[in-house]
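The structure appears below as structure tokens.
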Amino acid sequence: MHANRSALEKLKALKSAKNQVKEEIEKQETIIIDLEENIDEASFAVQHFFREIGQIYEAILELKEDTDKLRLPNVHQMSSIISRLVADGHQLELIDGESFYMPYKWIKTILQKVDICIESSKVMTLGVLGLQSSGKSALLNTMFGSQFSSRTGRCTRGIHVQLIPTKTEQICKFSSVFSYVLIVDTEGLRSPELSHMQHEHNNELATVITGVADITMLNIMGENTSEIRDILQVIVHAFLRLKMTNEKLDIRKSCAFIHQNVTDTSASENMVSGLSKLIQTLDEMTKESARSEGKLDITTFNQVIEFDINNQVWYLKNLLQGNPPMARVNNEYSETVVDIKCKMLKKALTMKNKSYKSLNDIIEQAHSLWKGVLNEDYVFSFRNSLEIKAYMEMESFVQAELWRLESLTQHVEKCQMKRSLEIPTLTCQRKHEEELRKRSMEVANQYKGHAITSKKIDDLFSDIWETFLKRVDTSPTSTEKHRKQMRIIFRTCLDNIFKKNHALLKEALQESGDLTPLSNVKQLANSFGETRINNTDISLTLIQKAKSAVGWFDTMKDVENRVNEIFASVDGKIKELCEVNYEVTVMSVNKLMHELDSSIHAILERESKYYLKLTFYVKIYVHVSRHVHPVFESHNEKYFKTHATAILHEKYREQQKISFESHLRCRQFEDIVATLFANVIESFAKEWTSQSMPNKVTDELLSLLPKVKDRVIIEICIDLLKGGNFKNCVKYIDDPHIYASTWITEKANQYLDDPKFPIIASTASSLLKKFFGTVNKCVRQVKMKYDGKSPPSIETWLESFQSFMKSADCSIPSESFRNVRQETSYSIQNVEYLTTTILDHLSKSEENLAAKFKSQTSQTITWASFNPISRILKKIWGCQEQCPFCGEPCAKGQDHGDSNHYSIQHRPLCCRGIRNYDTHNACLSSCEFDIQSNLSYTCGVFNYICHAEKRKDCGKSHFFRDYKTYLPNWDIAPTSNMHDSSKYWMWFVATYKDELKNHYNYKIDHIPSSWKNITKSEAEQSLEKIYSA
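Reading the sequence shown from the start, the letters are residues 0 to 1028 in this note's numbering.
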């Protein structure tokens, strides 16, 4: 103690010095912490015996050790002694105050025996929570005659319980619903000794106490409730999250405020305003927390922790009168405490829908809470809900910025991957290629002139090649070595996405067999039934609950339809990634998950009837991951079969074998050069054609598909008109962009695979013809250059060829001809013969490549750089915005930055389910008419744009004519005719009247007769007329 006091005085001196040294102050603070820990370790009391006994027997039970071998009393004997003490009113440490550890098996063993002793009687649990030195233990001691440690400083550590028998007949005329009270004492919150542990310890402790106790007394010294308010916010948020991971967990609790050291007799009247403000703040924070966790039905603090501002707030005067040590106990304090005890017991006896637990149930509840708290390391690190919200907003912003930067680096990553494979391989080959060539020539000269079979040639070269491979490094490059399994990549991605909800993710992963592939799911579309999503994963508003109950709206069916739309879109993204000739990387996975997240949030932006809980998100992400990771793994395996180090060595082997066989068969030098040269050109032509294909195919498809967005809309509407499928119409109305994407993709694939004019084959043939035509021309130009002159060396000939190719804007890297340049042992004798031989070889190469490309279809082709259909979608459709009222797509075919959105036509509002609030009649008017009328609408009509953050009614009706207030970036041209909308949509409403009625559950018997008389032909003509104008 003396050393500690001296250290504190030295710290004070260091802080008051003129020239403060930060390092010395920090060092002294560390010394003080160490000294305080030494003091704590030196203290010794009876509870330390019980704690050590608990830890020893917990280890024995956990490890199933034999107590006889350890020379200890057996578990039954020791637990019987301890249980008898507890039953007689001795304190029991539930959670170790030093390590926050619960010796669950030992505690359970004891309480099971205590439960037998008290004949499994029901027990009411009463806890106390408050700041350090606020008089919690003294309050319990006065209230129940217990003997919890009570002094200045941190005297109570961890969580202690004591069993007290009750006789409630004197308090309440009702029959008793419990026979014992389990009082729970805990260490004080915001302890200075634990300031270095930040907020986690306080919040975890408070959550366990409040969760275990049926009633928690919030003990406050004075009138200031700010500290307790912060802790309650975190407790509520923690309860909501813990409930998601364990549906059986009982979190419906009650609390009471006890203000100590309040001498003013009128405190109860004066504090009403402050307490009302506190409850209002707690309600707001509860609603915010519930919404962030996807629980729309929880809107008040009282729904989580029951609290009555009128009957559950008490004020106490100070325990002592006068100044210590001569102060005497205040009798009024004791009398008030006894009165509070009676009122709380009466409250406990008369609580509605409340059933009390046995000791066995209580320990199970405490253990579940304790495990949940240990798993939940996110909420407890914040001081209050405001900090949680600020952190979530900041994290969303940072994630968006990181994703933007990651998207920019994707192209660079692809180039780096390609070079990381090529450079090490070329370096390795160059180091030993002269030795390989020398050995090949020796063997060739040895067998020159002999009759030799192709098999013998293969065997001879294989021996040479094996010797070469022993000298070179054929091990995979770092890119291949460190290539992670897709399952691990997806698992890491999920961990990052749900790092704040890892308990939920852990449970979902366990159920999925740690992302075991879905063998029975061939594509995500229509696989909603395999996601395990049910009603508990969706939160409904109270109104929507009522509608679902009476069958007016099938929530799960609506969710299933929307999720299957998302899955179909994800299938397209997967296909797009697998059609491009690149490795699927971590960035690709992150991009897919980012787009999945955007698609799910798009549901919420369009839908106000329900909210998706976090469990919904987890199940969706896990389901997608289980399907996608084996698909991407298969794609990568195929990619590395054609791009790995071994493949590059194999290409090099092929070129060396050509040279070896030519020398062995005594072919002319010109034949050898022509064969090697044609091999290089064929390889380059294949790559050049593959790289050029996407742009050329894009141009071909654009010439066949509608060239502008207006035309796409017309043709889609005409297809819907002729198809007669109401579900497809609803899909288009809900999300024109997704529907148009599917429609354009189907049309494009039809053109690509058209047997009369196969675009892939014809485009490849055209490109090959152009490339080989240029090469042939340059070869002839080289011949003409040396006509009548002495034959050039092979190096000079290649330089001339490359010069002519460069002039034709078709350069081939000089490095590609490295194997041709090696043929320097002979010189060109006949340029004309060389030219003729090269042209013959090139003709065969062109035919071979044309045949390969001809066999490819839209389903089998792998695009070199990008999928043409994706680029066409972006080019034709462009802006994805829809009219906030009727859902008609924006007419702009590109991202138009500063200019406003507008639609060429608008639909009757009933197409999107909008109805009259009072009569439930479908709204037949369109936006153009409504904006110059006196009609008003509720917030849900335009998707709560007025209250976008909270997505709830702002309490006002909005006039259509004032739409610019909330929609300044939209222009809607007004009309004075209520029915001045496209005849197409009038025809649609009249034709599908019954389907609309069933789908949206509104009345639609008031359709004008003129709408019913519109024919299909008139509907189609109206589209052409409106969009042509």
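For glycine and all other residues, C-beta sits at the position ideal for the given N, C-alpha and C. Remember, it's a predicted structure, so these values are computed and weren't measured experimentally.
Cβ contact annotation for W313 (same chain, cutoff 6 Å, sequence separation greater than five): I257 and I339, in chain order. As DSSP reads the structure, C254 sits in a beta bridge with T215. In the DSSP assignment, V180 falls within the beta strand (DSSP E) that extends over Y179 to T185. Contact between R486 and H628 is confirmed by a C-beta separation of about 5 Å, below the 8 Å threshold. Here the alpha carbon of E51 sits roughly 16 Å from the alpha carbon of L62. Within its own chain, the residues whose Cβ lies closer than 8 Å to the Cβ of Y332, once the five positions on either side in sequence are excluded, are T141, L315, K316, N317 and L318, listed in chain order.
Here V312 is bridged, per DSSP, to F256.
Take the alpha-carbon of N301 and the one of Q311: they are about 12 Å apart.
In this structure E92 is buried. Its beta-carbon is surrounded by 16 or more other beta-carbon atoms within 10 angstroms.
Inclusion of M985 and I1025 in the CB contact set at 9 Å is not warranted, their separation being larger than that value. In the three-state DSSP reduction, A747 falls in the helix class (H, G or I). Judged by DSSP in its simplified three-state form, E222 adopts coil rather than helix or strand.
Look at F958 here: in three-state DSSP terms it is strand. In terms of CA proximity to K112, S82 leads the group P757, S82, L838 and H626. If you compare the alpha carbons of P164, N223 and T124 with that of S133, the shortest gap goes to N223. One alpha carbon belongs to V774, the other to S854, and they sit about 25 Å apart. The bridge partners DSSP lists for Q881 are P888. N525 and C116 have their C-alpha atoms roughly 58 Å apart. In this structure, R625 is the residue among D457, R625 and K574 with its C-alpha nearest to the C-alpha of Q509. Following the DSSP letters along the chain, one finds G912 in no alpha helix (DSSP H), marked with neither H nor E. In this chain, Y56 is not harboured by any beta strand (DSSP E); it is covered by the alpha helix (DSSP H) spanning V45 to L62. Rounded to whole angstroms, the separation of the alpha carbons of V183 and S145 is 11 Å. Under the 10 Å beta carbon count, H919 is surrounded by fewer than 16 other beta carbons and is classified as exposed. The three-state reading of DSSP puts I94 in strand, counting E and B together. Contact annotation: the segment 919-933 does not touch the segment 847-865, with fewer than three C-beta pairs closer than 8 Å. In this structure, DSSP gives T964 a helical state, which the three-state scheme calls helix. Inclusion of V988 and I971 in the CB contact set at 9 Å is not warranted, their separation being larger than that value. Counted as a single uninterrupted DSSP element, the stretch harbouring L130 is not any alpha helix (DSSP H), since DSSP gives it neither H nor E.
Ranking F852, L517, V778 and I219 by CA distance to the CA of L841 puts V778 first. C-alpha of P757 to C-alpha of Y620: approximately 38 Å in a straight line.
Rounded to whole angstroms, the gap between the alpha carbons of D917 and Y962 is 22 Å.
Secondary structure at V328: strand, using DSSP grouped into helix, strand and coil. According to DSSP, residue pairing for I304 in a beta bridge involves K252. Per DSSP, S1021 lies in no beta strand (DSSP E); the unbroken alpha helix (DSSP H) holding it starts and ends at K1015 to S1027. Inclusion of T744 and L872 in the CB contact set at 9 Å is warranted, their separation being smaller than that value. Per the coordinates, the alpha-carbon of S1008 lies some 25 Å from the alpha-carbon of I903.
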